[in-house]
Amino acid sequence: MRYQDKLVNYAKVPQNGPKVTVIGGGTGLSTLLRGLKLYSHNLTAVVSVADNGGSSGLLRKDLGILPPGDIRNCILALADTEPLMSDLINYRFNDGSLEGQNFGNLFLAAMSAVCDNNFYEAIRNFSNVLAVTGTVLPVSLANINISAVLTNGEIIEGESAIGERDNAASYSIDHIIMNPEDAPALYESIEAIRQADLVVLGPGSLYTSIIPNLLFPEIIEAIEETEGKVTYVCNLMTQPAETYQYTAMDHLTAILKHSGHSTCQDFIDYCIVNNAVIPDHYLEDYRELESNYVSCFREAIIQSGAELIQAPLFTVTNGKVRHDHLALAQLLIMLACQAMDVKIEQAQTRVYRHGRERR
0 MRYQDKLVNY
10 AKVPQNGPKV
20 TVIGGGTGLS
30 TLLRGLKLYS
40 HNLTAVVSVA
50 DNGGSSGLLR
60 KDLGILPPGD
70 IRNCILALAD
80 TEPLMSDLIN
90 YRFNDGSLEG
100 QNFGNLFLAA
110 MSAVCDNNFY
120 EAIRNFSNVL
130 AVTGTVLPVS
140 LANINISAVL
150 TNGEIIEGES
160 AIGERDNAAS
170 YSIDHIIMNP
180 EDAPALYESI
190 EAIRQADLVV
200 LGPGSLYTSI
210 IPNLLFPEII
220 EAIEETEGKV
230 TYVCNLMTQP
240 AETYQYTAMD
250 HLTAILKHSG
260 HSTCQDFIDY
270 CIVNNAVIPD
280 HYLEDYRELE
290 SNYVSCFREA
300 IIQSGAELIQ
310 APLFTVTNGK
320 VRHDHLALAQ
330 LLIMLACQAM
340 DVKIEQAQTR
350 VYRHGRERR
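Residue numbers (numbering that gives the first Met the number 0): 0 to 358.
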């Protein structure tokens, strides 16, 4: 059956869709999940827990819970709820002592208290309440914080401070460190990566949403050992505080560096980059903020050992350049189908060899 036909079938019966595990955080992760759930209900989101800003940061400081914001967004993206419920979960208080707080974050914090401060159980119960099709997991249950070490040796502490720094043009980020450095990854997150047909890194903020998940050795090991294919989805636009003037290869190089790899060989199979031209009138506001579209040099990515996949993947929402979540989801599901075919062929080969050995 052609992959396009499989895509149509999965759209009709998403319960039979491929196992896809997406690793990241921020709005990029939840947006992608909204597209993927149309073709598969066998989805797992492995979410960063390094956020220390906004409503999540306040709850983290006041209640000692893990940051709920990105997890809430992923749960809502996979939920089968009425619009009124979505509006309720997304509601943000505008005044009083709760000013700035998000109701969904408070709901998850309350659920954690009901579950004897077991945040993992709180996520499971919250997911059940919203009839989630898929699974949302924190990368770890540890109370972690990240810091960025710049090329001049300066250290920026905290995820929110990294994303808001204003000297990116002078000193770029050299690497990210985690405290505590020996924090364990969640077992269920590790297994979701190992058992996936397709593992997806991104899209999302490179140093504050994607790389924090790669600071856990068990996550790196699971990516290396998975029988599925591994895909990196490159951002459409650079981010002034994190990826000033970065190319697609620069993004990929940062991921490899934090994963202990010099090439993509045996680690990342595909690198997906948008190749549709973004009209200049959409880019004017970005350029005023020292952001631009991510350029791609084909040879550099190919030489790294990854298969480069270029496709028209952008759309514009409220004046913002965003990934077309439907087009990206369709591309990823077809890659997952290819990975499933490879796994079936390998299994058949093992059975055939075992049969010959028994004779």
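Don't be surprised by glycine CBs; every beta carbon is placed ideally from N, CA and C.
- Cβ-Cβ distances below 8 Å link T225 to I192, R193, Q194, A195, V198 in the same chain, with the five nearest sequence neighbours on each side left out; the list follows chain order.
- In the DSSP assignment, G23 forms a beta bridge with V46.
- DSSP places E241 in no alpha helix (DSSP H); its state is neither H nor E.
- Residue pairing by DSSP puts C270 in a beta bridge opposite Y231, L307.
- Excluding sequence positions up to five before and after L214, its CB lies within less than 6 Å of the CB of M177, all in the same chain and listed in chain order.
- Secondary structure remark: continuous beta strand (DSSP E) runs of at least 3 residues inside the region 83-139, in chain order: 134-137.
- A distance below 7 Å between beta-carbons, with the five flanking residues on each side excluded, links K5 to the following residues of its chain, in chain order: C336.
- As computed with DSSP, M339 is found in no beta bridge at all.
- Using a Cβ distance threshold of 8 Å, K256 and H324 do not count as a contacting pair.
- Rounded to whole angstroms, P239 and I308 show a C-alpha spacing of 25 Å.
- M110 is the residue among G16, A130, M110, D115 whose C-alpha sits nearest the C-alpha of I122.
- DSSP, reduced to helix, strand and coil, places N291 outside both helices and strands of the structure shown, so it counts as coil.
- When the beta-carbon positions are compared, R59 and L107 stay at least 8 Å from each other.
- Looking at the backbone, the Cα of T262 and that of T246 are separated by about 16 Å.
- By the Cβ test, the region 117-133 is in contact with the region 38-47, since at least three Cβ pairs between them sit closer than 8 Å.
- As far as DSSP is concerned, T252 takes part in no beta bridge.
- Spanning the alpha carbons of Y292 and I271 requires a straight line of approximately 14 Å.
- The criterion of a C-beta distance shorter than 8 Å is satisfied by G16 and Y38.
- Excluding sequence positions up to five before and after G304, its CB lies within less than 6 Å of the CB of T262, C263, Q264, all in the same chain and listed in chain order.
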